[in-house]
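Quick notes on the structure that follows.
As structure tokens, then:
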């Protein structure tokens with residue numbers, strides 16, 4: 002988290018930045034950007050700042066959010082295979098299509114699944130301390146071809162954030178795509194990211 006924030010911290014010295022988050026990275030990204038919004042950066046005499054957040058079916062969560070109590074696998078779906086002693090989560094190749102690549106053919110999924118790696122429990126056991134979407138203009142991309150439970154959860158996160166008080170969520174885009182539109186619909190994804198970035202130009 003600190004390394005990611007440090008990279009953005011370097012960029013905002015001179016440039017405006019659009020931060021794109023996918024899936025679980027919404028938890029870490031939303032917390033890591035504290036103090037990097039345009040207004041806060043201007044107050045420090047910096048030329049840039051984070052001018053927009055784009056969440057791609059990502060965790061849009063408030064401050065104080067913890068996905069799972071430390072040392073547990075609570076709230077994990079069955080496809081997330083956990084090793085509590087090692088503190089890692091894995092997804093088996095045979096579960097990859099249902100989890101990540103719903104709108105891709107089996108041969109493509111098999112190739113993509115070869116690159117799956119274990120993931121640390123760190124983000125899931127940590128508690129968020131900041132919600133960047135309260136201060137920075139935010140776009141949420143909701144992929145309607147994702148797992149039905151994920152689609153419902155994503156819509157709930159957006160609705161809850163909007164109902165929670167101060168927020169800067171100003172655009173919700175629904176797309177007929179699975180969990181990873183940057184792979185299954187790269188042209189659409191690129192065009193949409195450019196479109197949203199230009200709004201802050």
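In the numbering used here, the protein residues as written are 2 to 202. The beta carbon of each residue, even a glycine, is placed where N, CA and C say it ideally should be.
Bridge partner(s) assigned by DSSP for residue i
i           : result
residue 137 : Looking at the DSSP assignment, residue 137 forms no beta bridge with any residue, so it has no partner.
residue 174 : 142
residue 53  : 19
residue 38  : 51
Beta strand (DSSP E) segment containing residue i, residue limits
i          : result
residue 83 : 82-84
Where residue i sits in the DSSP three-state scheme
i          : result
residue 75 : coil
residue 14 : coil
residue 69 : coil
residue 9  : helix
residue 59 : coil
Residue range of the unbroken alpha helix (DSSP H) whose run includes residue i
i          : result
residue 26 : 26-33
Note down, one range per segment and in chain order, each alpha helix (DSSP H) of at least 4 residues found wholly within the segment 88-134. 97-100, 107-114, 123-126
Which whole runs of the beta strand (DSSP E) in the segment 150-200 are 3 residues long or more, in chain order? 170-176
Decide yes or no for the touch test of the segment 105-117 against the segment 79-87: beta carbon pairs closer than 8 Å, at least 3 of them. no
Given 8 Å as the limit, is there contact between the segment 122-140 and the segment 53-64, that is, 3 or more CB pairs closer than that? yes
Say whether the segment 94-110 touches the segment 171-180, bearing in mind that this needs 3 or more beta-carbon pairs closer than 8 Å, one atom from each stretch. yes
Does the segment 66-73 come within contact of the segment 151-165, defined as at least 3 CB pairs closer than 8 Å? no
Counting Cβ pairs, one atom from each stretch, are 3 or more of them under 8 Å apart for the segment 5-19 and the segment 184-193? no
Is the segment 161-174 in contact with the segment 93-101, if contact means three or more CB pairs nearer than 8 Å? no
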